[in-house]
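Under this note's numbering, the letters of the sequence shown match residues 7 to 167, in that order. Where a beta carbon is used, it is the ideal one built from N, C-alpha and C, also for glycine. These notes are about the structure you will find just below.
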Amino acid sequence: MNPRFPVPNIPSLARRIVYATLRLVGLLIFFVAIPLGLLNLLMAHGIHPPVSLLTVSTVGILLSVIGAAGTIARPTRAYGPIAMSGAVLFFLYLIFLARNGVLSVGIGSGGTFQLSYGSAILLIAVAPVLSAIAATLTTIEDVNRPGQRLPFDYPPKRRRG
């Protein structure tokens, strides 16, 4: 820890676990429950998406667990690699979705309506690339200057005067 920086106000491990649990629930809703609900709704209307329910569930659970683990590990050196693995997994998942990003619906007498959403997903894939860059820089900073980012991530309590 660099003496120029104030002592950070790092939450206890128990508090970080509570935060991670709440985040895990939210991420499971966002990455698993909502996509599965939408896919089931599409299948109920005779539209078969190009992604299986098992794939969506597996990747959604992995992303959620990695996100929750990052919450617990944030004040440690493990945070950068955990955040990087989550960003890379999310990027690969979005690339997979973009590659399979055509939805076909049969209409009328042998006609087909196709909706391509792959390009939109590629635009969204910029976010995990930026997250991976940030996680890489965090990892480098933690190796070169351990503890220096902590007062910025966890500002010290202000003294009342």
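- Only residues of its own chain outside the window of five on either side were considered, and among them Pro56, Val57 have a CB closer than 7 Å to the CB of Asn106, listed in chain order.
- Put simply, of Arg83, Gly32, Val71, Thr82 the residue whose alpha carbon is nearest the alpha carbon of Ala93 is Val71.
- Counting of Cβ neighbours within 10 angstroms places Leu156 among the buried residues, the total reaching 16 or more.
- Classified as buried, Tyr85 has 16 or more neighbouring CB atoms from the shown chains inside 10 Å of its CB.
- According to the DSSP secondary-structure assignment, Gln120 is paired through a beta bridge with Ser110.
- Taking Arg83 as the centre and dropping the five residues before and after it, the same chain places the C-beta of Asp148 closer than 6 Å to its C-beta, in chain order.
- For the region 22-65, the continuous alpha helix (DSSP H) assignments of 4+ residues that do not extend past its boundaries occur at 40-50, in sequence order.
- Nearest to Ala104 by alpha-carbon distance, out of Ile127, Ile88, Thr61, Ser110, is Ile127.
- In the assembly as shown, Arg151 is an exposed residue. Its beta-carbon has fewer than 16 other beta-carbons within 10 Å.
- In this structure, Asp159 keeps its C-beta atom at 8 Å or more from the C-beta atom of Arg29.
- In this structure, Ile53 sits away from Val13, with a CB-CB distance that is not shorter than 8 Å.
- Exposure of Pro162 is indicated by the presence of fewer than 16 other C-beta atoms within 10 angstroms of its C-beta.
- With a beta-carbon spacing of about 6 Å, Thr142 and Met90 fall inside the 8 Å limit used to define contacts.
- Short of 8 Å from the beta carbon of Ala74, and not among the five residues preceding or following it, lie these beta carbons of its own chain, in chain order: Ala26, Thr27, Arg29, Leu30, Leu33.
- Collapsing the DSSP output to three states places Arg105 in a helix.
- Just so you know, the alpha carbons of Ala133 and Tyr99 end up roughly 13 Å apart.
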